[in-house]
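If you're matching them up, the sequences are chains W and R in order. For the first sequence, the positions run 266 to 378 when the working numbering is used. For the second sequence, the positions run 4 to 116 when the working numbering is used. Using N, Cα and C, we set each Cβ at its ideal position, and we do this for glycine too.
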Amino acid sequence: TQLLEQSPQFLSIQEGENLTVYCNSSSVFSSLQWYRQEPGEGPVLLVTVVTGGEVKKLKRLTFQFGDARKDSSLHITAAQPGDTGLYLCAASYSGAGSYQLTFGKGTKLSVIP
Amino acid sequence: DSGVTQTPKHLITATGQRVTLRCSPRSGDLSVYWYQQSLDQGLQFLIQYYNGEERAKGNILERFSAQQFPDLHSELNLSSLELGDSALYFCASGLAGGNNEQFFGPGTRLTVL
Numbered sequence: 266t267q268l269l270e271q272s273p274q275f276l277s278i279q280e281g282e283n284l285t286v287y288c289n290s291s292s293v294f295s296s297l298q299w300y301r302q303e304p305g306e307g308p309v310l311l312v313t314v315v316t317g318g319e320v321k322k323l324k325r326l327t328f329q330f331g332d333a334r335k336d337s338s339l340h341i342t343a344a345q346p347g348d349t350g351l352y353l354c355a356a357s358y359s360g361a362g363s364y365q366l367t368f369g370k371g372t373k374l375s376v377i378p
Numbered sequence: 004d005s006g007v008t009q010t011p012k013h014l015i016t017a018t019g020q021r022v023t024l025r026c027s028p029r030s031g032d033l034s035v036y037w038y039q040q041s042l043d044q045g046l047q048f049l050i051q052y053y054n055g056e057e058r059a060k061g062n063i064l065e066r067f068s069a070q071q072f073p074d075l076h077s078e079l080n081l082s083s084l085e086l087g088d089s090a091l092y093f094c095a096s097g098l099a100g101g102n103n104e105q106f107f108g109p110g111t112r113l114t115v116l
């Protein structure tokens, strides 16, 4: 069973600060998605990364896929209260059950005005 | 709005009872996935259907079952309910190929009393 570790588990920062959250696995991903979830709602897909070393930007969010495809990071620049939420990474692995997504437990981000 | 719909939004029932949760996927998506989210376990994959056929099974209890109908909507049946089954249940849909992107519905909050 593949496990995805996310860190930190909780993060509370002031508006305007920068932050980075991490997602790590002992196994190679075939693809990795980042989602954001608000309380009582479904996760919303932010980005998919596939190629080792890939960097994608979505406004103030920068997503990076590790060269070995075992880790990923999400960096938020100048955080705003609207960024508050649970950030989840989810990975697909090659082989049997390759269309399953394995989710990390998430990073709960609070941005204080 | 992801285009995935789930009903009901909330469900309150008693131990020992049986309930059915319903999901309609995004237009064009052939695959439906069911997930359970509880506070301590995070998002856990339960089962996947593709074009009416079961494709992958995760941590689904024997008391739970699912099916996908010819119009591609899916139902998750939970029986002999226990207090520990209280959780958010999400349905997601996708193309089940490529980068395995999945789009989540708003969820059903199940409370077992």
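Distance check for V7 (chain R) and P346 (chain W), CA to CA, integer angstroms please.
Numbered from 1 along the first sequence, position 81 holds the residue referred to as residue 346 (chain W). Numbered from 1 along the second sequence, position 4 holds the residue referred to as residue 7 (chain R). Each residue's Cα considered, the two are about 27 Å apart.
Check the DSSP bridge columns for Y287 (chain W) and list the partner residues they point to.
Numbered from its first residue, the first sequence carries residue 287 (chain W) at position 22. Looking at the DSSP assignment, Y287 (chain W) forms a beta bridge with W:S272 and W:S338.
By the DSSP assignment, the beta strand (DSSP E) with H76 (chain R) in it spans what residues?
In the second sequence, residue 76 (chain R) corresponds to position 73, counting from 1. Run containing H76 (chain R): none; DSSP gives neither H nor E here.
Quick one: is Q120 (chain R) buried, meaning 16 or more other Cβ sit within 10 Å of its Cβ, or exposed?
Any property of residue 120 (chain R) remains undetermined from this structure, which presents chain R solely from 4 to 116.
Report the three-state DSSP secondary structure of G87 (chain R) (helix, strand or coil).
What you label residue 87 (chain R) is simply residue 84 of the second sequence in a count that begins at 1. Three-state DSSP puts G87 (chain R) in a helix.
Just to make sure I have the definition right: I need the residues of chain W whose C-beta is within less than 9 Å of the C-beta of E104 (chain R). Which are they?
Position 101 of the second sequence, counted from the first residue, corresponds to residue 104 (chain R). Simply S296, Q298, L310 and T313.
Return the residues of the segment 44-67 of chain R that lie within a Cβ-Cβ distance of less than 9 Å from chain W, sorted by chain order.
Q44, G45, L46, Q47, F48, Q51, Y53, R58, A59, K60 and G61
Nearest neighbour of L310 (chain W), chosen from W:I341, W:Q329 and W:L297 [CA to CA]:
As a working mapping, residue 310 (chain W) is identified with position 45 in the first sequence. L310 (chain W) has its Cα closest to that of W:L297, out of W:I341, W:Q329 and W:L297.
Please classify G97 (chain R): does DSSP put it in a helix, a strand, or coil?
Position 94 of the second sequence, counted from the start, is the residue given in the question as residue 97 (chain R). Residue state, collapsed to three classes: strand.
Three-state secondary structure (DSSP) of G347 (chain W):
In the first sequence, residue 347 (chain W) corresponds to position 82, counting from 1. Helix.
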